[in-house]
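In the numbering used here, the protein residues as written are 108 to 336.
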């Protein structure tokens, strides 16, 4: 986990090299790649569905796990919509002139390395990675163990598309935790020098488990009462 987080931290330091136009070009390339490789994504997802049935997961969980052509197209459309959003980095929120002549500005900047922890829905992989990328953050993604194949191919396609669209795209800006071992989560969330924020998405049990083991800041919602950040 340390090597994974260190690679993400190094990628986060390189993210400011990307202009708004370059980030948007990467996001649109990622969307095109997901659509072009829709069948490959569905093939990987079929392996996850088989595993889910072997695990005797509920039909509702299996439905959330499913990626068909329509859902892959939805992921691509989501990335294009993120590309259309204004760049949140570099916005001047407040300016102050001090009596000494010093000019102070409050300017938005990326958080750094964001860990996203979520459950069955593999489409969250594209959503979370796209939003983190647009806001200049590197992301480490940990989805449900039953969705590992789907999450890995989505992340790989996004990275490859980003590299093809921009020569200085940081290849470790989007990473998936490569193991389903539960011990990886507390290990990752203990790396306070490398990980800047964790955002868990899922049921109350998941949120509480993450909040209790994490040594890095966590944005959490418990029973669904949310704030806008």
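Idealized CB from N, CA, C, for every residue including glycine.
Please report the distance separating the alpha-carbon of residue i from that of residue j.
i	j	result
residue 221	residue 139	25 Å
residue 152	residue 223	20 Å
residue 131	residue 253	31 Å
residue 168	residue 310	12 Å
residue 134	residue 263	14 Å
residue 242	residue 198	11 Å
residue 202	residue 214	9 Å
residue 289	residue 211	45 Å
residue 248	residue 232	7 Å
residue 108	residue 193	33 Å
residue 328	residue 227	18 Å
residue 271	residue 204	44 Å
residue 260	residue 200	38 Å
residue 291	residue 317	12 Å
Short of 6 Å in beta carbon distance, which residues of its chain neighbour residue i, apart from the five on each side in sequence? Order them along the chain.
i	result
residue 176	145
residue 239	221, 246
residue 119	219, 220, 245
residue 313	307
residue 251	226, 227
residue 268	136, 137, 140
residue 159	169, 172, 253
Which whole-angstrom value is the C-beta distance of residue i and residue j, which I expect to be below 8 Å?
i	j	result
residue 325	residue 307	7 Å
residue 129	residue 273	5 Å
residue 265	residue 235	Actually they are not in contact, since the Cβ atoms of residue 265 and residue 235 sit about 11 Å apart, beyond 8 Å.
For residue i, name the three-state secondary structure that DSSP assigns.
i	result
residue 305	strand
residue 246	strand
residue 223	strand
residue 204	strand
residue 211	strand
residue 169	helix
residue 283	strand
residue 325	strand
residue 199	strand
residue 257	helix
residue 126	coil
What residues in its chain sit with their C-beta under 8 Å from that of residue i, if we drop five residues either side in the sequence?
i	result
residue 170	none
residue 156	169, 172, 173
Among residues of its own chain, excluding the 5 on either side of residue i, which ones have a beta-carbon nearer than 7 Å to its beta-carbon?
i	result
residue 164	253
residue 183	138, 141, 142
Sufficient close CB pairs (3 or more, under 8 Å) joining the segment 265-281 to the segment 110-127: yes
Does the count of Cβ pairs from the segment 287-304 and the segment 316-324 closer than 8 Å reach three? yes
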